[in-house]
Structures are given as structure tokens and as C-alpha cells.
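Novice: Structure incoming, see below.
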Amino acid sequence: MAIKLYGNLFSPCTQLVVLVCKELDIEYELIVLNLTGDQKKPEYVDTLQPFGQLPALDDNGFILYESRAIACYLTAKAGSPLYPTKEVKALSKYEQAASVEICNFDQFVTTIAWEKIYKAYAGLKTDDARVEEYATTLSGKLDGYEKILSKQRFVAGDNLTLADLFHLPYGALLSQCGYPWLENGKRPNVARWWKEISGRESWQAVKDAA
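As C-alpha cells, this is what we get:
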């Protein structure tokens, strides 16, 4: 029985869950919500996502929200090593890498994307000073990534995990925002890593559909 995923492929958080489904060959039904208010309707907020955000999962009555939590749930349920729960050291390295992504990547990339891309859809003006501030900080964070990736193939070690995939939806928007820092070769290990993860068939399918 297919899981039900409430979201929109314009949403990077929805893209992440679809990416995981494609990686794991999980059958899913995407119930498309428009971004002009469907996610704020009482029937959605009251039963699926109390904050009125995308996406939300319904797995035969089991409701879950927050894209990373959904990704972990689906991966653990499938028994995939993308979420290495069976060995404590591997799991600890995964948790470390996932924390790095949230604290040292996501908050900066999402802010840049909001300012440079999504504000236009809301009829708002880009705050260029804020973009520059966050971009400068992100550049320093990517230097840290270069150090990590000079010693290992992926962010949690030498095996691909969800922590790598978490970078894809928003990371893919950086070049569109004018910051091709993941692929321009200035940080060769970051570029090598990004080429490998962004070239995955699952991500190409999500990107083409978005």
C-alpha cells in the first residue's frame, strides 16, 4: 500500500522526502497542496501538520511531519544503511553529520534561497545585506566541509547516508542564487562530493520533476 505524502515539489522539504522514496524504491502517492493556502486549512493543520507546513506523511494512519523525521522513519522502516541504526559508532557519526548539516549549512542556504528566490513569489524585496551576511558565513562553513571531506568520502564517513542527501534540495539552489560554491572547484573535496551526490539517479529524477 502506497504511503500518502502531502506536499508540493516546489518545496525543497517535499523534494527531500520524494528523494528518499526514490532512493529506497518506496511507492508513494503525492497529494499536491498549492502554496497559496492549502497547508493552512483547518483540515490539514488539525489532522496532519499543526504548523501548517510541508510536507506531511500518512502511512496507513501513522501521521508524521518534518522532512528529516520522515526520511529517517522511511529509511529505518526499510532497514537501509542510509540511516545506520545497527552500529553505535556509525550512528553517532551520522548524527554528528546531520547536526552539522542543520547548524552549519541549512540555516544559511535556506535564508539565502528565501531572500533570492522565494521572496519574489511573495512580492517582497530581497534584503541584499542579509544575503551577503549569510553568504559570507556560509563560505566559512564550507571551508569546514572541505576539511571533513578531505579525510572521507561522505559527510558521515565513507558510506552514503541521509546526512548527505539532506544537503541536496537547498544546496541545488545555491548556484541559482549566484553562489556556485559547491561545484566551482575552489574547494576540490566539496566539489567531488557534491558531484557524486547530486549526480545520483534519484536526485536527477526529483530535480527534473520539480
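Under full-length UniProt numbering, think of the first position of the sequence shown as 1, with each following residue one higher. Don't be surprised by glycine CBs; every beta carbon is placed ideally from N, CA and C.
In this structure, does DSSP put residue 213 in helix, strand or coil?
Specialist: The requested residue 213 is not part of the displayed model; the chain covers only 1 to 210.
Novice: Distance check for E27 and W181, CA to CA, integer angstroms please.
Specialist: Looking at the two C-alpha atoms, the distance is approximately 34 Å.
Novice: Please go through the UniProt domain "GST C-terminal" (92 to 210) and give each complete alpha helix (DSSP H) segment of 4 or more residues, from N-terminal end onward.
Specialist: Counting only runs of 4 or more, we get 107 to 113, 128 to 149, 162 to 165, 168 to 171, 188 to 198 and 201 to 209.
Novice: Cα separation between A172 and K86?
Specialist: For A172 and K86, the distance between alpha carbons rounds to 31 Å.
Novice: Taking the alpha carbon of D106 as the reference point, which residue from L174, E43 and Q152 has its own alpha carbon closest?
Specialist: Answer by Cα proximity: L174.
Novice: Rounded to whole angstroms, what is the Cα-Cα separation between A122 and K116?
Specialist: Approximately 12 Å between the Cα atoms of the pair.
Novice: Pull the bridge partners of D59 from the DSSP assignment, please.
Specialist: Looking at the DSSP assignment, D59 forms a beta bridge with F62.
Novice: Could you tell me which residues DSSP pairs with Y28 in its beta bridges?
Specialist: For Y28, which the question treats as bridged, DSSP gives the partners I3.
Novice: Rounded to whole angstroms, what's the CA-CA distance from V109 to K151? Just pull it up for me.
Specialist: When rounded, the distance between both Cα atoms is 24 Å.
Novice: If you compare alpha carbons, which of A209, L138 and E66 is closest to T111?
Specialist: Here the closest residue by C-alpha is L138.
Novice: CA-CA distance, W114 and Y179?
Specialist: Rounded to the nearest angstrom, the two C-alpha atoms are 14 Å apart.
Novice: Using CA coordinates, which residue listed in Q39, L54, Y73 and A120 is at the minimum distance from L24?
Specialist: The shortest C-alpha separation from L24 is found at Y73.
Novice: If you count every other CB in all the chains shown that lies within 10 Å of the CB of residue 211, and 16 or more means buried, which is it?
Specialist: The structure shown has nothing for residue 211, since the chain only spans 1 to 210.
Novice: Return the CA-CA distance between V206 and E29, expressed in angstroms with no decimal places.
Specialist: If you take the alpha carbons of V206 and E29, they lie about 14 Å apart.
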